[in-house]
Amino acid sequence: MSTPIGPVDATQVPRYGGPATFARLPRLDEVSRADVAVVGIPFDSGVSYRPGARFGPGHVRAGSKLLRPYNPALDAMPFGTQQVADAGDLGVNPFDIEEAIGTIDAGISALRADGAQVLTLGGDHTVALPILRSVARDHGPVAVLHFDAHLDTWDTYFGAPYTHGTPFRRASEEGLIDLERSMHVGIRGPLYSKQDLEDDAVLGFQVVRSDDYEVDGVASVVERMRRRLGDGPVYVSVDIDVLDPAHAPGTGTPEAGGLTSRELLNTLRGLVGLDVVGADVVEVSPAYDHAELTAVAASHVAYELLSVLALNR
Numbered sequence: 001m002s003t004p005i006g007p008v009d010a011t012q013v014p015r016y017g018g019p020a021t022f023a024r025l026p027r028l029d030e031v032s033r034a035d036v037a038v039v040g041i042p043f044d045s046g047v048s049y050r051p052g053a054r055f056g057p058g059h060v061r062a063g064s065k066l067l068r069p070y071n072p073a074l075d076a077m078p079f080g081t082q083q084v085a086d087a088g089d090l091g092v093n094p095f096d097i098e099e100a101i102g103t104i105d106a107g108i109s110a111l112r113a114d115g116a117q118v119l120t121l122g123g124d125h126t127v128a129l130p131i132l133r134s135v136a137r138d139h140g141p142v143a144v145l146h147f148d149a150h151l152d153t154w155d156t157y158f159g160a161p162y163t164h165g166t167p168f169r170r171a172s173e174e175g176l177i178d179l180e181r182s183m184h185v186g187i188r189g190p191l192y193s194k195q196d197l198e199d200d201a202v203l204g205f206q207v208v209r210s211d212d213y214e215v216d217g218v219a220s221v222v223e224r225m226r227r228r229l230g231d232g233p234v235y236v237s238v239d240i241d242v243l244d245p246a247h248a249p250g251t252g253t254p255e256a257g258g259l260t261s262r263e264l265l266n267t268l269r270g271l272v273g274l275d276v277v278g279a280d281v282v283e284v285s286p287a288y289d290h291a292e293l294t295a296v297a298a299s300h301v302a303y304e305l306l307s308v309l310a311l312n313r
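For the sequence shown, position 176 matches number 176 in UniProt numbering, and the numbering has no gaps at all.
If you want it as structure tokens, here you go:
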């Protein structure tokens, strides 16, 4: 294996300069092939409240400029032991959700065709459905580890079956999800009725509530998570609103009482050794952000996921 091309050297080019790629990594067209492709999906036509996640990928890239090559928490070199490259953004139709879903499926499948793993920067959570369609064609039903304030297993909004609140119901109905191994983490806030939780369980998910972190602690949550996910393939989907608005104000549907950044990052580190086959970080909406709080948090989430992939490789 040739030595991976890493980020621009910060001792030569100041962090506020250099390429506008994730972590100032090379573009996909600048490397022979990538082990991991970081791709943006600037799409938010599925949102139900505050729009703006179409600008999320660029904002997360901007917030990633301070990421460094060595991760001491995991003793990992996420850019040194695997080739990570920025694949730019997929161009999707903002006026036709079903066409956009098909374009995303095709685009993710093309990036994965040579065996690369894909880390997606969203975009609203609608994008998880076509990504899961692509992943499941190769791996069969996968365990979905879903970090979010919300279940995202509702049926429809205003009769529309494809929104950012429905991707995991559609994925479960389509047989993309392993019903015995999937889990939501960070769920909190009001629901429409108790039936929401009952329906969600039938769709294949166990729930770790945000309050469980306060009562049981991170180590207990990680133990539950690893026991549930088991040995098969795992897809990780992180809605940044899993964090408390104090840590991530720049999102479309904020809920009080969320995780801290430290709790989320430590939970993600618990994925080392599991068969993670892809991931996304979604729902960053920069118009509501302040001092890049949400962008920095999201970029560190992506960094921990890349570190996990590097160690698992």
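For every residue, glycine included, the Cβ atom is placed at its ideal position computed from N, Cα and C. Remember, predicted model here, so these are calculated numbers, not experimental data.
Residue 15 (DSSP reduced to helix, strand or coil): coil
Beta-carbon proximity list for residue 296, same chain, < 7 angstroms, skipping 5 on both sides: 63
Minimum C-alpha distance to residue 52 - residue among 5, 122, 26 and 93: 122
Rounded distance between the beta-carbons of residue 240 and residue 284, thought under 8 angstroms: 5 angstroms
Inter-residue Cα distance where the pair is residue 21 and residue 57: 10 angstroms
Secondary structure of residue 126, DSSP reduced to three states: helix
Helix, strand or coil at residue 160 according to DSSP, with G and I counted as helix: In the structure shown, residue 160 sits in a strand (DSSP, three-state: E or B).
At least three beta-carbon pairs within less than 8 angstroms, the segment 98 to 108 to the segment 260 to 275: With the cut-off at 8 angstroms, the segment 98 to 108 and the segment 260 to 275 do not touch.
C-alpha distance - residue 186 paired with residue 148, whole-angstrom precision: 6 angstroms
Residue 313 beta carbon less than 7 angstroms from that of residue 74: No. Outside cutoff.
Contact between the segment 244 to 252 and the segment 191 to 206 (3+ Cβ pairs under 8 angstroms): No, the segment 244 to 252 does not touch the segment 191 to 206.
Residue 57, DSSP secondary structure in three states: helix
For residue 103, the three-state DSSP class (helix, strand or coil): helix
Cβ-based burial, residue 194 [other Cβ within 10 Å; buried from 16]: With fewer than 16 other Cβ atoms within 10 Å, it is exposed.
DSSP beta-bridge partners of residue 146: 184 and 237
Bridge partner(s) assigned by DSSP for residue 40: When beta bridges are read from the DSSP output, residue 40 appears opposite 89 and 121.
Residues bridged to residue 231 (per DSSP): Its beta-bridge partners do not exist; DSSP assigns none.
Close-in-space but distant-in-sequence residues of the same chain around residue 87 (CB under 7 angstroms, 5 per side omitted): 28, 37, 38, 39 and 111
Secondary structure of residue 8, DSSP reduced to three states: coil
Environment of residue 59 [buried if 16+ CB atoms lie within 10 Å]: buried
Whole-angstrom distance between residue 92 and residue 85, CA atom to CA atom: 21 angstroms
Three-state secondary structure assigned by DSSP to residue 200: Note: residue 200 maps to helix in three-state DSSP.
Cα-Cα separation, residue 72 to residue 7: 17 angstroms
Cβ shell of residue 340 (< 7 angstroms), same chain only, five flanking positions each side left out: Outside the displayed span of the chain (1 to 313) sits residue 340, for which this structure offers no information.
With 16 other Cβ atoms within 10 Å as the buried cut-off, status of residue 258: buried
Which residues DSSP lists as bridging residue 82, in chain order: Paired residues: none, contrary to the question.
Assumed close pair residue 286, residue 43 - CB separation to whole angstroms, cut-off 8 angstroms: 15 angstroms between Cβ atoms; not a contact.
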